[in-house]
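In full-length UniProt numbering, the protein residues as written are 1 to 195. Note that the Cβ used here is the ideal one computed from N, Cα and C, for glycine as well. All values reported here derive from a predicted model rather than from experimental measurement. Presented below is the structure to which this report refers.
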Amino acid sequence: MGYSMGGFGAIQLGCWAPEAYDAVISFAGYGMGTFEPTETSGALQPKGRRVFEWYLNEYIPKLADVPIVWGVHCRSDTVSSFNDVSTIIDTVGETAHHSRKRCHSRMIEVPQDDANSDYPRKRRATASGHGYFNVSLLKDTSEQIIWKDLRNQLSRSAKRQRPRWDMLEETRTTANWKRGHNDAYDPPSKRWCWR
1 MGYSMGGFGA
11 IQLGCWAPEA
21 YDAVISFAGY
31 GMGTFEPTET
41 SGALQPKGRR
51 VFEWYLNEYI
61 PKLADVPIVW
71 GVHCRSDTVS
81 SFNDVSTIID
91 TVGETAHHSR
101 KRCHSRMIEV
111 PQDDANSDYP
121 RKRRATASGH
131 GYFNVSLLKD
141 TSEQIIWKDL
151 RNQLSRSAKR
161 QRPRWDMLEE
171 TRTTANWKRG
181 HNDAYDPPSK
191 RWCWR
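Written out as structure tokens, the structure is:
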């Protein structure tokens, strides 16, 4: 889960290691490149469309292995494109459907009235529409925007078995010798009663 550049990072991490995450949620995030014309962003991106198409074909389908993929965005956001994130979420949903994977992909739209709610009242009229961090993640409205549905979805999504990262693969340790060669060995879990 991440906001703005962190939303881009959440998508990237989900693409690189989809087996590691139960959910990937991008708040006001973006992808590589853009479908938006360069006049909209004010930055020259002559290859932006081509890069975004490559990104959609090469990386985004990997997100279909993650049980929950959501995009939370506001249409009036001029810093990162709502349409780009919507296209990413649609691509994940289509890939999951065609490959019969269990992935709940969803685009959540933040109301335009809340788009600049993080800024002081004097600045809201000229703001970029990218300031809805507090509304979508922290304040009471965040419960209706995301948290209630996310808790519900996480409780219903498929639980995954992951290899333990905190244990080294050691075959010659004393504990393994005891388990494999000593019939009288009783593991600590049988000796101790945890309450």
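Same chain, Cβ closer than 6 Å to residue i, five either side skipped, listed in chain order
i, result
"M107", "G71, S86, I89"
"G2", "G9, A10"
Rounded C-alpha distance that separates residue i from residue j
i, j, result
"F27", "S4", "6 Å"
"P67", "K101", "8 Å"
"V69", "L150", "10 Å"
"M32", "K148", "30 Å"
"G29", "F8", "5 Å"
"D77", "H98", "31 Å"
"V51", "S157", "32 Å"
"E143", "K47", "39 Å"
"T34", "D84", "6 Å"
"T95", "Q12", "17 Å"
"E36", "G93", "22 Å"
"R49", "A20", "30 Å"
Sequence-distant residues of its chain with Cβ nearer than 7 Å to residue i (five each side left out)
i, result
"P18", "K62, L63, D65, V66"
"R75", "F82, E109, Q112"
Simplified DSSP assignment, three categories, for residue i
i, result
"G6", "helix"
"R106", "strand"
"residue 242", "No information on residue 242 is available, as it lies outside the stretch 1 to 195 that the chain covers here."
"A96", "helix"
"Y55", "helix"
"V85", "helix"
"T91", "helix"
Bridge-paired residues (DSSP) for residue i
i, result
"A23", "I68"
"H73", "E109"
From the options, residue whose alpha carbon lies closest to that of residue i
i, options, result
"G14", "T78, T91, Y59, H104", "Y59"
"N91", "L56, H104, G6", "Just to set this straight, residue 91 is Thr in the shown sequence, not Asn. Answer by Cα proximity: L56."
"G6", "S155, S80, D22", "S80"
"Q153", "W16, D22, Q12", "D22"
Cut-off 8 Å between Cβ atoms - residues of its own chain near residue i, not counting five sequence neighbours on either side
i, result
"Y53", "For clarity, residue 53 is Glu in the given sequence; the question names Tyr instead. Hits under 8 Å: G33."
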